[in-house]
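Engineer:
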Amino acid sequence: MTNTWSAFAFFTIITFVLFITTKSLRAFPESTCETLPSFIHIIKEEYDSRTKLVRTCEGDVAVNKCEGTCTSQMQPSVTTSTGFLKECYCCRESYLQEREVILQRCFNFDGETLAGDMSLMKIRLKEPAECQCYKCGE
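To get this note's numbering, take the position in the sequence shown, counting from 1, and add 68.
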């Protein structure tokens with residue numbers, strides 16, 4: 069009988085703690101997931117047909133990123149093996165846009181700065197166009 073009461077008391081305490089935790093989580097904003105501007109440093113190498121380095125170009129490029137939080141929760145469940153049902157949401161891109169950028173600092177294989185047509189390199193990159201909360205793992 070003592071084991072039954074101990075198990076019941078333990079389950080009651082866990083349920084109460086989860087209830088309080090769930091209630092306190094609701095005080096936080098639903099989601100702060102958004103598309104924000106950022107900068108990345110890109111280095112791109114170009115090789116000839118014999119895999120010899122022709123030039124290396126670099127530059128700081130403005131790109132969008134996804135950042136923020138999404139509401140997730142965990143609750144007791146008798147249907148799952150762990151005893152808890154988890155609903156996890158992550159901030160990520162809803163779709164990507166492709167665009168062309170120009171790297172403006174190019175160097176030959178000896179590290180010397182290039183001039184003329186070889187001083188610029190056009191590259192294509194993909195960045196988030198919009199971000200939102202998605203179920204984790206999907």
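Even for Gly, the Cβ is constructed at its ideal location relative to N, Cα and C.
Pull the bridge partners of asparagine 132 from the DSSP assignment, please.
Structural biologist: Pro105
Engineer: Provide the residue(s) that pair with threonine 124 in DSSP beta bridges, ordered along the chain.
Structural biologist: Note: threonine 124 sits in a beta bridge opposite Glu113 and Phe175.
Engineer: Using the rule of at least 16 other Cβ atoms within 10 Å of the residue's Cβ for burial, across every protein chain shown, is proline 105 buried or exposed?
Structural biologist: Proline 105 counts as exposed, since fewer than 16 other beta carbons sit within 10 angstroms of its beta carbon.
Engineer: Under a Cβ-count criterion, where at least 16 other Cβ atoms within 10 Å of its own Cβ denotes burial, should cysteine 204 be classed as buried or exposed?
Structural biologist: It counts as exposed.
Engineer: Given this structure, state the Cα-to-Cα distance separating leucine 86 from glutamate 155, to the nearest angstrom.
Structural biologist: Note that leucine 86 has pLDDT 46, beneath the 50 cutoff, so the model's placement of it is unreliable and no number is given.
Engineer: Ordered along the chain, which non-local residues of its own chain (more than five positions away) have a Cβ less than 7 angstroms from that of arginine 173?
Structural biologist: Cys125, Glu126 and Gly127
Engineer: DSSP state of serine 140, grouped into three classes?
Structural biologist: coil
Engineer: For cysteine 138 versus glutamate 161, is the C-beta spacing smaller than 8 angstroms?
Structural biologist: no
Engineer: Exposed or buried, which one is proline 196 when buried takes at least 16 other CB atoms within 10 Å?
Structural biologist: buried
Engineer: Rounded to the nearest angstrom, what separates tyrosine 115 and glutamate 102 at their Cα positions?
Structural biologist: Their backbone Cα atoms lie some 38 angstroms apart in a straight line.
Engineer: Identify every residue that forms a DSSP beta bridge with arginine 192.
Structural biologist: According to DSSP, which records beta bridges pairwise, arginine 192 is partnered with Glu168.
Engineer: Got a sec, what are the start and stop residues for the beta strand (DSSP E) glutamate 155 sits in?
Structural biologist: 152-155
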